[in-house]
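Plus 28 on top of the position in the sequence shown (first one is 1) and you've got the numbering used here. The structure under discussion appears below in the form of structure tokens.
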Amino acid sequence: MNILKNAQLLICLLAISFMVGCAGTEETPQPNNGGSGGNGNGNPTPTVANCTDPLATNYNKDATTDDCGCTYTTNGKVPETIPASITQKVLIEEFTGTWCGYCPSGAKSVHDAELKYPHQVIGVGIHYRDKMETRMFAHLETILGNINSFPGATFNRKTVNGSKVSHPGNSNRNSGQIINNTTSPKLGIAIETNVNSSNEVEVLTYVGIKEKGEYAITVYLIEDKVVGQGNGYDQANYHNDNSSSPFYQKGNPIKGYEHNATLRDILTDLNGFELPTCGQEADKVYKRMFKLKLDDSYNKDNCRIVAFVTDKTSKEVINSQVVKVGETQAWN
């Protein structure tokens, strides 16, 4: 009988010990902080639609998405309505280098196209392996593939006559094809620029959407009449002995050569600034400002701003615009 009682007592003690042990290992529940999008009190961070541009007069630091309502101090020279007619432009990005002996003729061909199609062709010199090289050359290779031909050029980054990169000697023909085959551009661009007291160029871009799409805007700073001394600026010239060339007996290399439309810097991400959803709708004008400190070595009187809009997927240039730094270019 005592044995039975002792056994029952032992079982009870073991049961109590087990219950106490379990209670000691139980964790205190923690509040849900809303995950990675939470605010720490169990609630998700609310979406705040407002102005996301720090350069706007009504910037909202708490905004999480842009509502296309940013306001800016403007000079009033750009109408905020899209004109009925917009000109299709061609951006020629020419690949060049001072070591390239045939590149002077390539630059001349691009300039000739600008003269043939005034206000419709915009040339930009993308330098490689010299003192004027920028990070854009390597980026363009990720879009266009390896660039092995110098001089070379891409026309609105489109496939023209079977290739995205061709000789700039085709500038007149390729530019004409794009201009003549585009009867109704999808969008237009206007630009307002100002140089402030800190020697920063402020660029207010206007994108007038005619056709809805997924777009990004890129802004270049280019400089004309760039002249330097020595290797990296003196221009190789394989036409020096060709009496029919405009570069005949100019020297090889050409010392004091003027490099025009030279890409100096990019004010946006290399892929451009992606327009918010509200800014991609038809019949809308989307505004955004970009700013860049001008390098002391640049002559701002020789600088221009080139803005262009690309298709987010294809990376092709839809349209472009150019203006001298400190001036305004309205819709055209």
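Positions of the beta carbon are idealized from the N, C-alpha and C atoms, including for glycine. Since the structure is predicted, the reported quantities are computational estimates derived from the model, not experimental observations.
Rounded to whole angstroms, N86 and E108 show a C-alpha spacing of 18 Å. Burial state of Y276 is exposed, judged by a 10 Å Cβ sphere holding fewer than 16 other Cβ atoms. Annotation: the continuous alpha helix (DSSP H) that includes K136 extends over C131 to K144.
Under the three-state reduction of DSSP output, F165 falls in the helix class. G241 sits away from I217, with the two beta carbons spaced by 9 Å or more. Residue environment for H147: exposed (fewer than 16 other C-beta atoms within 10 angstroms of its C-beta). In the DSSP assignment, I206 falls within the alpha helix (DSSP H) that extends over S199 to N209. Here G284 has V255 as same chain residues with Cβ atoms under 7 Å from its own Cβ, once five neighbours each way along the sequence are excluded. P132 and Q263 do touch by the CB rule: their CB atoms are close to 6 Å apart, below 8 Å. Sixteen is the threshold: since fewer than 16 other Cβ atoms of the shown chains lie within 10 Å of the Cβ of S113, the residue is exposed. Counting C-beta pairs closer than 8 Å gives fewer than three between the region 345–358 and the region 301–320, which falls short of the contact rule.
For E242, there is no enclosing beta strand (DSSP E), since its DSSP letter is neither H nor E.
For K278, same chain residues with a beta-carbon under 7 Å away, outside a window of 5 residues either side, are N265 and N268 in chain order. Of T246, E302, K340 and I219, the smallest CA-CA separation from Y234 is found for I219. Residue environment analysis places T80 among the buried positions, since at least 16 neighbouring C-beta atoms fall within 10 angstroms of its C-beta. Buried is the label assigned to T246, since at least 16 other Cβ atoms lie within 10 Å of its Cβ. Cα atoms of E169 and A77: separation of roughly 36 Å, rounded to the nearest angstrom.
Secondary structure at I171: helix, using DSSP grouped into helix, strand and coil.
For Y100, there is no enclosing beta strand (DSSP E), as DSSP marks it with neither H nor E.
By the Cβ-count criterion, L232 is buried, with 16 or more other Cβ atoms from all chains shown falling within 10 Å of its own Cβ.
Secondary structure of N330 (DSSP, three-state): helix.
C-alpha of S203 to C-alpha of N347: approximately 13 Å in a straight line. Residue environment analysis places G153 among the buried positions, since at least 16 neighbouring C-beta atoms fall within 10 angstroms of its C-beta. With fewer than 16 neighbouring CB atoms inside 10 Å of its own CB, L143 falls in the exposed class. At least 9 Å separates the beta-carbon of V350 from that of K186. In this structure, L298 is the residue among N209, K117, L298 and N198 with its C-alpha nearest to the C-alpha of I171. Between the region 301–316 and the region 88–95, the count of C-beta pairs closer than 8 Å reaches three or more; the two stretches touch. In the three-state reduction of the DSSP assignment, G180 falls in the strand class, which pools E and B. Going by DSSP, T290 is part of the beta strand (DSSP E) stretching over T290 to I294.
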